[in-house]
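Step one of this worksheet: look at the structure below.
There are 2 protein chains.
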Amino acid sequence: MSPRPMVRPGGRSARVQESVHAAVRELEAEVGRGALTVPLIAARAGVTPSTVYRRWGDLQELLSDVAVERLRPDGPPEDHGDLAADLTAWAEQFLEEMASPPGRAYVRDALLGDPDGDNAGQCSDYAAAQIAIILARAADRGQRAPDVEEVIDRVVAPMLYRILFRRGSFGTGYARDLVTALLAPREPSAGANPPLGGR
Amino acid sequence: MSPRPMVRPGGRSARVQESVHAAVRELEAEVGRGALTVPLIAARAGVTPSTVYRRWGDLQELLSDVAVERLRPDGPPEDHGDLAADLTAWAEQFLEEMASPPGRAYVRDALLGDPDGDNAGQCSDYAAAQIAIILARAADRGQRAPDVEEVIDRVVAPMLYRILFRRGSFGTGYARDLVTALLAPREPSAGANPPLGGR
DNA sequence: ACCTTAAAGCAAAATCCTTGCGTCAAGCCG
DNA sequence: CGGCTTGACGCAAGGATTTTGCTTTAAGGT
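So the protein lines, in turn, are chains A and B.
So the first sequence is numbered by our numbering: it starts at 1 and just counts up by one.
So the second sequence is numbered by our numbering: it starts at 200 and just counts up by one.
Below is the structure:
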């Protein structure tokens with residue numbers, strides 16, 4: 001069903017995989033996402049369609065694979081010397097990338113052709129790893145910090161919910177507000193939280 | 200691209216739409232979700248495949264349409280006489296339904312064939328409407344309550360994030376913990392939140 | 001009752017997906 | 001170093017799906 005074989009680096013499989021991935025990226029930029037087909041991609045990559053079908057099974061699984069690669073962070077988050085600054089900067093950049101039209105497309109693709117939830121899980125792991133780095137820095141500085149799960153629940157999840165389930169665009173201020181609400185101790189008023197800042 | 204025409208009730212279009220939707224539901228139960236094809240559905244519905252392609256454009260958009268219908272709540276949430284009880288019960292049931300294998304499939308389908316984010320937005324609106332009812336009841340009782348956006352950010356979004364991005368199953372206790380953390384004022388300790396209960 | 005318009009039926013053509021079989025490359029063992 | 005095993009790829013045929021032009025039917029309005 002989902003072959004997705006192990007690929008040893010340098011082998012022929014690796015070359016084919018890279019060639020196909022590159023073809024997807026090129027054609028996506030040239031003809032647009034909706035016009036992608038397996039035969040088209042295969043032709044550009046210099047392989048036969050059946051190779052693509054056997055390795056990925058499906059156009060969506062292939063796009064999912066490529067999307068995950070594009071969503072992989074290319075380096076550790078910037079260090080601003082302070083937990084709040086680190087988290088805010090990371091969240092703002094994350095939101096900006098994910099909320100952009102191409103970003104949304106990648107997130108949806110990663111989620112899409114993915115019966116096992118395997119690719120989506122990898123995306124989540126990427127974010128968790130970045131957050132873990134930020135929190136570890138805070139711990140090194142002696143700052144008290146929430147744990148990764150809490151940051152995911154309170155910051156990452158709301159942002160992705162908006163990206164996936166609501167089409168309206170929203171500024172990076174939303175990310176800042178979420179981080180602020182997470183870190184700032186809240187006055188023990190009633191059940192209600194203080195209203196978020198700029199919306 | 201996305202025809203999705205206006206459908207006057209009682210007209211032929213409405214009959215076709217209902218017939219096709221019914222065919223999807225029946226066949227999904229009979230042959231399984233993965234074996235669904237447009238020609239198969241069209242045959243069961245007593246229409247030609249081209250009708251389905253013209254109206255929905257695509258198998259995924261059709262499945263998305265059907266999924267949204269299945270995700271529509273069938274009634275107002277139960278009234279337990281207390282905000283915390285209402286929210287907890289609703290969140291637990293929501294999580295249970297959405298985290299089940301069929302529930303996950305519906306959520307994914309609703310998100311999937313949906314270039315405009317239109318169907319997904321409708322799902323979000325369903326949940327928001329249910330929450331608004333619960334919060335309005337609380338206001339009627341004079342209870343202080345958060346607003347809908349906050350419940351979505353703190354309860355709905357984390358649950359859906361887990362459903363979509365992490366394959367591990369989790370109990371309804373997660374829903375209860377989220378509601379508790381939302382409603383309970385938190386001791387103004389350091390930046391860190393108190394750990395959630397059972398995980 | 002006729003007219004207008006939008007959607008559905010029909011059928012052909014194009015495209016895509018699947019599959020069996022032969023070939024080739026990569027890793028492994030002698 | 002050379003033969004062997006395994007897995008992936010190319011090729012091509014077959015079947016299924018998707019697209020499309022044209023015709024027909026039904027719904028709503030005049």
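By construction, the Cβ of each residue, glycine as well, lies at the ideal position given by its N, Cα and C atoms.
Exercise for review: Please report how far the alpha carbon of B/L294 lies from the alpha carbon of B/A374, in whole angstroms.
Suggested key: 7 Å
Practice item. Look at the Cβ atom of A/V20, then the Cβ atom of A/A84, and state whether they are nearer than 8 Å. Key: no
Review point. Mind checking B/A335: buried by the 16 CB within 10 Å criterion, or exposed?
Key: exposed
**Study point:** Amino acids of chain B, ordered along the chain, whose beta-carbon sits closer than 7 Å to that of A/A201
**Key:** Outside the displayed range of chain A (1 to 199) lies residue 201 of chain A, so it cannot be described from this structure.
**Study point:** DSSP-derived helix/strand/coil call for B/P384
**Key:** coil
Review point. If we call anything under 8 Å between Cβ atoms a contact, is B/H279 one with B/A290?
Key: no
Practice item. Tell me where the alpha helix (DSSP H) around A/T88 begins and ends. Key: L83 to A99
Exercise for review: Flag A/S124 as yes if its beta-carbon sits less than 8 Å from any beta-carbon of chain B, otherwise no.
Suggested key: yes
Review point. Between which two residues does the alpha helix (DSSP H) containing B/Q321 stretch?
Key: D317 to R340
**Study point:** Member of B/L311, B/R243 and B/R366 whose CA lies at the smallest distance from the CA of B/A266
**Key:** B/L311
Practice item. Output yes if chain B places a C-beta closer than 8 Å to the C-beta of A/F165; else output no. Key: yes
Check your understanding: Three or more beta-carbon pairs under 8 Å between the stretch 59 to 73 of chain A and the stretch 142 to 159 of chain A, yes or no?
Key -> no
Exercise for review: Please check the pair A/Q169 and A/D109, which I expect to be a contact at CB under 8 Å, by giving their CB distance rounded to whole angstroms.
Suggested key: A small fix is needed here, since residue 169 of chain A is Ser in this sequence, not Gln. Not confirmed; about 20 Å, so no contact.
Check your understanding: So, helix, strand or coil for B/T250, using DSSP?
Key -> helix
Exercise for review: Assign B/E260 to buried or exposed, taking buried as 16 or more other Cβ atoms, counted over all protein chains shown, within 10 Å of its Cβ.
Suggested key: buried
Point to revise | Coarse secondary structure for B/R303, derived from DSSP in three states | key: helix
Practice item. Return the chain-ordered list of same chain residues with a C-beta closer than 8 Å to the C-beta of B/Y325, the five sequence neighbours on each side being excluded. Key: L270, R271 and P272
Review point. With distances taken between CB atoms, is the gap from A/V38 to A/V47 smaller than 8 Å?
Key: no
Review point. Of all Cβ atoms in chain B, is any one closer than 8 Å to the Cβ of A/I152?
Key: yes
Check your understanding: With a CB to CB cut of under 7 Å and the five nearest residues on each side skipped, what residues in its chain are close to B/Y305?
Key -> A266, R269 and L270
Point to revise | For A/Q122, the nearest candidate out of B/P300, B/V347, B/R361 and B/A298 (CA to CA) | key: B/R361
Check your understanding: Taking the alpha carbon of A/I133 as the point to measure from, which residue in A/E78, A/F165, A/L160 and A/G117 has its own alpha carbon closest?
Key -> A/E78
Check your understanding: In chain order, what residues of the same chain lie with their CB nearer than 7 Å to the CB of A/T172, ignoring the 5 residues before and after it?
Key -> E92, L95 and E96
Review point. From this set, A/A184, A/G32 and A/A45, which residue's C-alpha is nearest A/R144's C-alpha?
Key: A/A184
Check your understanding: Just the Cα atoms here: how many angstroms apart are A/E220 and A/D82?
Key -> With chain A represented from 1 up to 199, any question about residue 220 of chain A goes unanswered, as that position is not in the structure.
Practice item. Could you check if B/P345 is buried or exposed, using at least 16 other CB atoms within 10 Å of its CB as the buried criterion? Key: buried
Exercise for review: Classify A/R169 as helix, strand or coil using the three-state DSSP reduction.
Suggested key: Going by the sequence as given, residue 169 of chain A is Ser instead of Arg. DSSP places A/S169 in coil when its eight states are reduced to three.
Practice item. Could you list which residues in chain B have their beta carbon closer than 9 Å to that of A/G57, in chain order? Key: Result: empty, since nearest Cβ-Cβ is about 11 Å, beyond 9 Å.
Practice item. Using only alpha-carbon positions, find the residue among B/R243, B/G274 and B/L235 that is nearest to B/D257. Key: B/L235
Practice item. For A/G103, I'd like the list of residues in its chain whose CB is within less than 7 Å of its CB, leaving aside the five on either flank, ordered along the chain. Key: E97
Exercise for review: List the whole-angstrom C-beta distance separating A/A99 from B/F364, where the pair is believed to meet the contact cut-off of C-beta under 8 Å.
Suggested key: That pair is no contact at about 16 Å.
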